[in-house]
Amino acid sequence: MSRALGLLAGWLLDRALGDPRRWHPVAGFGSAAAAVEKVVYRDARVAGVVHVLALVAPLAAVGTVAEGRLQRHPVLHTAATAAVTWAALGGRSLDREAGTISAQLGAGDLGAARRQVRNLVGRDPSRLDADGVARACIESLAENTSDAVTAPLLWGGALGLPGLLAYRAVNTLDAMVGHRSPRYLRFGWAAARLDDVVNWVPARVAGVAAVAFGTGLGSGSRGEAMDVVRRDAPAHPSPNGGVVEGAFAGILGVSIGGTNVYDGRVENRGVLGRGPAATARDIDPSRRLATRVGLASLAVAALVASLVERRGPRT
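Taking our numbering, I'd label the letters of the sequence shown as residues 792 to 1106.
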């Protein structure tokens, strides 16, 4: 049970404390990734593959060794799993950012909300109106709940420390270089595609959880939410983002998506949902939905961890 207990403890630490203000391990990994990029960068996919392997493989190896050794010491294994889970999760910080934006929009401070939403999205918020900022916030809540809560918990449940470490590394690299900008279109291809693969199952677990446990937060129904996912998610440029964003939009009874601007590049993501356009009033229900999805993900991850641990430690 040490893996499941560690996941629970790490989730509780994240909910109570959020991300560490200083010396965050993910920030340290990001600095290392930037340094490796300077050495291996070429405008080619193969260079991106080298970049990903050079950064993900060592963490996976360290995690595998640690998992094997610590399984014989349940207290240490629980503590290590809790610490790495805490570092890998981002649910509390995501909720704080969304809560701040909700308060700023409620106070009519559009300028502050535009600046704040930069912490969540890569699009240009300078021309967004209040509804546009709210839409960006809700979309980020949906997708990042899957990426920063559901996925690390599930990978931690299935593989333990190597799953947590490798997943967070892949997802961080995708955030850093998995863009469609001229510099990263080819170099970032490996990180982006690998991130699509490792998030495929978590996104669908998050989507199902949103549909199953989101009733009462908005005007949508489970049937309507499933219709939105089936009908609208394929138009989204991400094979995973559209699923969870569509589930959020459908169960809340709002519409999100549309046209975004990234560094001067216009991207049409399609409209998700058939309800009224999301507004600032929909941010707090989205936050509560994200919390429910996180709890459901924790339960699934703990179940997976318990089933894996019943097989006994690897020899």
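We put the beta carbon where it would ideally sit given N, CA and C, even for glycine.
For V840, the secondary structure class from DSSP, reduced to helix, strand or coil, is helix.
Going by DSSP, N962 is part of the alpha helix (DSSP H) stretching over 952-968. Following the DSSP letters along the chain, one finds G1014 inside the alpha helix (DSSP H) bounded by residues 1013-1023. DSSP, read as helix, strand or coil, puts G821 in helix. Cα atoms of F1039 and Y832: separation of roughly 37 angstroms, rounded to the nearest angstrom. Taking every protein chain shown into account, the CB of T963 has 16 or more other CB atoms within 10 angstroms, so this residue is buried. Boundaries of the alpha helix (DSSP H) harbouring T1082: 1074-1101, taken from the DSSP string. When DSSP states are grouped into helix, strand and coil, R914 belongs to the coil group. In the DSSP assignment, G1049 falls outside any alpha helix (DSSP H) and within the unbroken beta strand (DSSP E) covering 1047-1053. For G1044, the CB contacts under 6 angstroms within the same chain, skipping 5 residues up- and downstream, are G1009, S1010, G1011, G1066 in chain order. Cβ-Cβ distances below 7 angstroms link W877 to G801, L804, D805 in the same chain, with the five nearest sequence neighbours on each side left out; the list follows chain order.
The shortest CA-to-CA distance from D886 to any of A933, L896, T855, R926 is the one to A933. By the neighbour-count criterion, in which 16 or more other beta carbons inside 10 Å mark a residue as buried, W980 falls on the buried side. Secondary structure at R863: coil, using DSSP grouped into helix, strand and coil.
At the C-beta level, P953 and A838 stay beyond 7 angstroms of one another.
Here the stretch 898-908 makes no contact with the stretch 1089-1098; the two share fewer than three CB pairs at distances below 8 angstroms. When DSSP reads this structure, A1068 sits in a beta bridge with S1046. Pairing A1081 with F1004 gives a Cβ-Cβ distance that is not under 7 angstroms.
E1058 is bridged by DSSP to N1051. In this structure, DSSP gives L1008 a state outside helix and strand, which the three-state scheme calls coil.
T1050 and R883 have their C-alpha atoms roughly 28 angstroms apart. At the C-beta level, A1069 and R959 stay beyond 7 angstroms of one another.
Under DSSP, L1063 shares a beta bridge with I1047. In this structure, the alpha-carbon of L955 lies about 26 angstroms from that of P1028. Put simply, the backbone Cα of G1032 is about 21 angstroms away from that of A1071. W946 carries a helical assignment under DSSP once its states are collapsed to helix, strand and coil. The three-state secondary structure of W991, taken from DSSP, is helix. Just measuring C-alpha positions, the residue of E888, S1097, P816, L896 sitting nearest N935 is E888.
Residue state for N1031 is assigned as coil, using DSSP reduced to three classes.
For a cut-off of 8 angstroms, the C-beta gap from G969 to D986 is around 6 angstroms, short enough to register as a contact. Comparing alpha carbon positions, the residue from S972, M792, A949 closest to T855 is A949.
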